[in-house]
Amino acid sequence: MASARLTLFWLLALPVLVFTGFFLIPLGVVLVSSFTAPEDGLTLAHYARILLDAYHWQVIATTFRIAIFSTLICVALGYPLAWYLVRIVQLRSWRRACVILLVLPLFTSNIVRSFGWMVLLGRSGLVNDALMSLGLIDRPMRFLGTETGILIGMVYILLPFTVLTIGTALARVDRGLEQAARDLGATPARAFWSVTFPLTLHGVMAGAIIVFSMAISAYVTPALLSGGKVTVLAMLAFQQYSTVFDFHYGGALSITLLVLTLALIGLASRMTRGRTPGAGGH
Amino acid sequence: MTLLAIDDITKSFAGHKALDHVTLDIRQGEFISLLGPSGCGKTTLLRTVAGFMTADKGRILIDGEDVSRLPPERRPLNTVFQNYALFPHMTVLENVAYGPRRAGLARAEAERRAEEALEMVGLAAMSRRNPAAMSGGQQQRVALARAIVNRPKLLLLDEPLSALDLQLRKRMQIELKQLQVQLGITFIFVTHDQDEAMAMSDRIAVMSAGRLEQCDAPEAIYRRPRTRFVAEFIGEANFLPLDGAGPEGVLRPEDLRVLPEGEALPPGWRGLPARVTGVTYVGGTSNIYLAAGPRELLARSYGLPPAGMTAGRTVQAGFDPANLHPLGA
Ligand SMILES: Nc1ncnc2c1ncn2[C@@H]1O[C@H](COP(=O)(O)OP(=O)(O)OP(=O)(O)O)[C@@H](O)[C@H]1O
Ligand SMILES: [Mg+2]
Chain B
1 MASARLTLFW LLALPVLVFT GFFLIPLGVV LVSSFTAPED GLTLAHYARI
51 LLDAYHWQVI ATTFRIAIFS TLICVALGYP LAWYLVRIVQ LRSWRRACVI
101 LLVLPLFTSN IVRSFGWMVL LGRSGLVNDA LMSLGLIDRP MRFLGTETGI
151 LIGMVYILLP FTVLTIGTAL ARVDRGLEQA ARDLGATPAR AFWSVTFPLT
201 LHGVMAGAII VFSMAISAYV TPALLSGGKV TVLAMLAFQQ YSTVFDFHYG
251 GALSITLLVL TLALIGLASR MTRGRTPGAG GH
Chain W
1 MTLLAIDDIT KSFAGHKALD HVTLDIRQGE FISLLGPSGC GKTTLLRTVA
51 GFMTADKGRI LIDGEDVSRL PPERRPLNTV FQNYALFPHM TVLENVAYGP
101 RRAGLARAEA ERRAEEALEM VGLAAMSRRN PAAMSGGQQQ RVALARAIVN
151 RPKLLLLDEP LSALDLQLRK RMQIELKQLQ VQLGITFIFV THDQDEAMAM
201 SDRIAVMSAG RLEQCDAPEA IYRRPRTRFV AEFIGEANFL PLDGAGPEGV
251 LRPEDLRVLP EGEALPPGWR GLPARVTGVT YVGGTSNIYL AAGPRELLAR
301 SYGLPPAGMT AGRTVQAGFD PANLHPLGA
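Right, here's the structure in full:
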């Protein structure tokens, strides 16, 4: 009896310890340092420096713009891709090959992949070559150092997440439900929007949240593809830590990013919950 | 008047014929059961009529109009699916109002119709519930309400009762039949259960291996089966030569009488010597299994089996030749 209770204690205590040790303590350290200064103790000066300054708001806007567009594009591309994998591919081995192809890049380093895109997106890179030979453009487009370039790199890295979460949700939707909708007079598009899509919304949301939080805190891809011409919050924070060694100001940047992110995700999930009554359990 | 004409439908899956030249005319207001062993093509036929599948050959006509090329949403019929296929993200009311909404009604009017349909199946009080929070029988009724709310001319039901327990099933059989008569909707009802088909149908269509074997009123199917398959599939059958030798006829077990050896037969009856191989007494009827030469026969009568009717005894099996129905007629 006593030993059983002890086991239970450790079973509960270990995850709590790990969670505290790996997540809460580092976060606490950052939080505390963001509210303190070496000379005059508790202060809001770092936040004031961020929130009362136009340049910072500009960086925040860029960061959110890139993250939101990455999310929208990943969902918009991920849904049809997931549909293709789940609904159209009949051959099981081909589906498996597609999934492997999709996940494989996740196992290689972010840096390597971003360098790859640097090469591809360059003035005489593969992308410009292709666009020119197709006659779509007649002068090379500038991708590197633009938000478009960063977006391309981000979408490439983050797309698998939405494909996987949406695909999982889609595979669980009973196709008989769509047939029932058609039987009751819905066109294929109607059946999709009124039945299939709401039933996969939790997968869309899960994918969107993963992509958004990874995009908003991304450092490597924006840093490599920005060519120093675009700055996002994570780059700013990293500079404070690595070159200026200002942990307090850097911490405040990180916390600002975190709070804004959580606020946006909270807002988004509240909005979608309002729109699908009774979808809670599915 | 013919409502639905299934005209020479053939459908193959990878060379296997799921439907083989099926032709069937169904009248307005009829209750037709599709009966047949698993895999004989009942669901395939229903899906072809509903428009979820296109036939390789043949046509589907509703009210004289060829609907073979129309998508499901444009066919004037509705379906009750075997697993009900209720929308899990909608309330019961929203499920039932889905059809009227697609027919272009405003939300308020659609919901009023839905309430009416729910009333009809006795679920008016549960309209705000989630389908997942209902019993199988209740979900069944929701599916039914959803399918009849638009008052289709034709309702297709694919084994709608198969997931229910026996008692509920019997009750639903009666309610379904009442609803069908009340609304005057034509029902095509797929079932595995021959008693169910016998009890509910105006006509029964018996299928086997993609072919329509026979479509007739229940008593005609039972009394005058056209093929050996139908005779064996519906009820139990003895097969005996029509006159001494030659083609065989069907004799139902209740028309076969077991008499002691040497007893005189009623005038005009035929008798053959047989040996009792087994006797059972089930549900108020007794079954006597006989062997007449190489033939196995079954005689059924109400009440207890006659005294001394034990395995091994030699008897005579007698019947009125008028009850011996020739196959193929
Ligand atoms: N989509 C399909 N692809 C390939 N074969 C199919 C398909 N649908 C049905 N079949 C085959 O067609 C035949 C008829 O199937 P169907 O589902 O119509 O039978 P059923 O009479 O409804 O059987 P059950 O009583 O078991 O429901 C079966 O041999 C089945 O394997
Ligand atoms: Mg079936």
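One line per chain: the protein sequences are B and W, in this order. Take the first sequence: its letter number 9 is residue 9 in full-length UniProt numbering, and every next letter is one higher. Take the second sequence: its letter number 88 is residue 88 in full-length UniProt numbering, and every next letter is one higher. Built from N, CA and C at the ideal position, the CB exists for glycine as well.
Cβ of residue i within 8 Å of any chain B Cβ
| i | result |
| --- | --- |
| residue 111 of chain W | no |
| residue 102 of chain W | yes |
| residue 163 of chain W | no |
| residue 79 of chain W | yes |
| residue 87 of chain W | yes |
| residue 31 of chain W | no |
| residue 108 of chain W | no |
| residue 175 of chain W | no |
| residue 187 of chain W | no |
| residue 50 of chain W | yes |
| residue 72 of chain W | yes |
| residue 99 of chain W | yes |
Strand pairing of residue i, partner residues [DSSP]
| i | result |
| --- | --- |
| residue 78 of chain W | W:155 |
| residue 292 of chain W | W:295 |
| residue 325 of chain W | W:250 |
| residue 34 of chain W | W:190, W:205 |
| residue 287 of chain W | W:280, W:300 |
| residue 7 of chain W | W:59 |
| residue 17 of chain W | W:12 |
| residue 316 of chain W | W:259, W:273 |
| residue 241 of chain W | W:248 |
| residue 40 of chain W | None, per the DSSP bridge assignment. |
Buried versus exposed, by CB contacts within 10 Å (16 or more), residue i
| i | result |
| --- | --- |
| residue 3 of chain B | exposed |
| residue 281 of chain B | With a pLDDT of only 39 at residue 281 of chain B, under the threshold of 50, the placement of this residue in the model should not be trusted; the figure read from the coordinates follows. By the neighbour-count rule (16 or more Cβ atoms within 10 Å), residue 281 of chain B is not buried but exposed. |
| residue 167 of chain B | buried |
| residue 207 of chain B | buried |
| residue 186 of chain B | buried |
| residue 42 of chain W | buried |
| residue 147 of chain B | buried |
| residue 146 of chain W | buried |
| residue 194 of chain B | buried |
| residue 26 of chain W | buried |
| residue 39 of chain B | exposed |
| residue 276 of chain W | buried |
| residue 229 of chain B | exposed |
| residue 109 of chain W | exposed |
| residue 270 of chain B | exposed |
| residue 186 of chain W | buried |
| residue 254 of chain B | buried |
| residue 18 of chain B | exposed |
Any C-beta of chain W under 8 Å from that of residue i
| i | result |
| --- | --- |
| residue 244 of chain B | no |
| residue 165 of chain B | no |
| residue 28 of chain B | no |
| residue 176 of chain B | yes |
| residue 15 of chain B | no |
| residue 282 of chain B | In this prediction, residue 282 of chain B has a pLDDT of 37, which is less than 50 and means its spatial position is unreliable; what the coordinates show is noted afterwards. Taking Cβ atoms only, chain W reaches closer than 8 Å to residue 282 of chain B, which makes this a yes. |
| residue 172 of chain B | no |
| residue 184 of chain B | yes |
| residue 206 of chain B | no |
| residue 200 of chain B | no |
| residue 278 of chain B | Below a pLDDT of 50, predicted positions are generally treated as unreliable, and residue 278 of chain B, at 42, falls in that range; the measurement from the model is reported next regardless. True, the Cβ-Cβ gap to chain W drops below 8 Å. |
| residue 270 of chain B | no |
| residue 179 of chain B | yes |
| residue 196 of chain B | no |
Interface flag, residue i vs chain D, CB-CB below 8 Å
| i | result |
| --- | --- |
| residue 21 of chain W | Here chain D cannot be found, since the structure's protein chains are B and W. |
(request) Go through the residues and name those whose CB comes closer than 5 Å to any heavy atom of ligand 1, in chain order. (result) W:13, W:18, W:38, W:39, W:40, W:41, W:42, W:43, W:44
(message) Taking 8 Å as the cut-off, does the stretch 88-105 of chain B touch the stretch 199-219 of chain B (at least 3 CB pairs, one atom from each stretch)?
(response) no
(message) Would you call the stretch 174-191 of chain B in contact with the stretch 221-234 of chain B, where contact means no fewer than 3 C-beta pairs closer than 8 Å?
(response) no
(message) Under 8 Å: do the stretch 178-193 of chain W and the stretch 26-33 of chain W share three or more Cβ pairs, one atom per stretch?
(response) yes
(message) Does the structure place the stretch 23-43 of chain B close enough to the stretch 240-259 of chain B that three or more beta carbon pairs sit under 8 Å?
(response) yes
(message) Would you call the stretch 127-139 of chain W in contact with the stretch 51-65 of chain W, where contact means no fewer than 3 C-beta pairs closer than 8 Å?
(response) no
(request) Answer yes if the stretch 264-271 of chain W comes into contact with the stretch 281-291 of chain W, meaning at least three C-beta pairs across the two stretches below 8 Å, and no otherwise. (result) no
(message) I want to know whether the stretch 121-130 of chain W touches the stretch 62-82 of chain W - three or more CB-CB distances under 8 Å.
(response) no
(request) Report yes or no: do three or more beta-carbon pairs, one from the stretch 193-201 of chain W and one from the stretch 302-317 of chain W, lie closer than 8 Å? (result) no
(message) With three or more C-beta pairs closer than 8 Å as the rule, is the stretch 228-248 of chain W touching the stretch 203-213 of chain W?
(response) yes
(message) I want to know whether the stretch 9-23 of chain W touches the stretch 47-59 of chain W - three or more CB-CB distances under 8 Å.
(response) yes
(request) Decide if the stretch 149-167 of chain B is in contact with the stretch 58-74 of chain B; the criterion is three or more beta carbon pairs, one per stretch, under 8 Å apart. (result) yes
(request) Could you say if the stretch 147-167 of chain W and the stretch 111-126 of chain W meet the contact criterion of at least three C-beta pairs nearer than 8 Å? (result) yes
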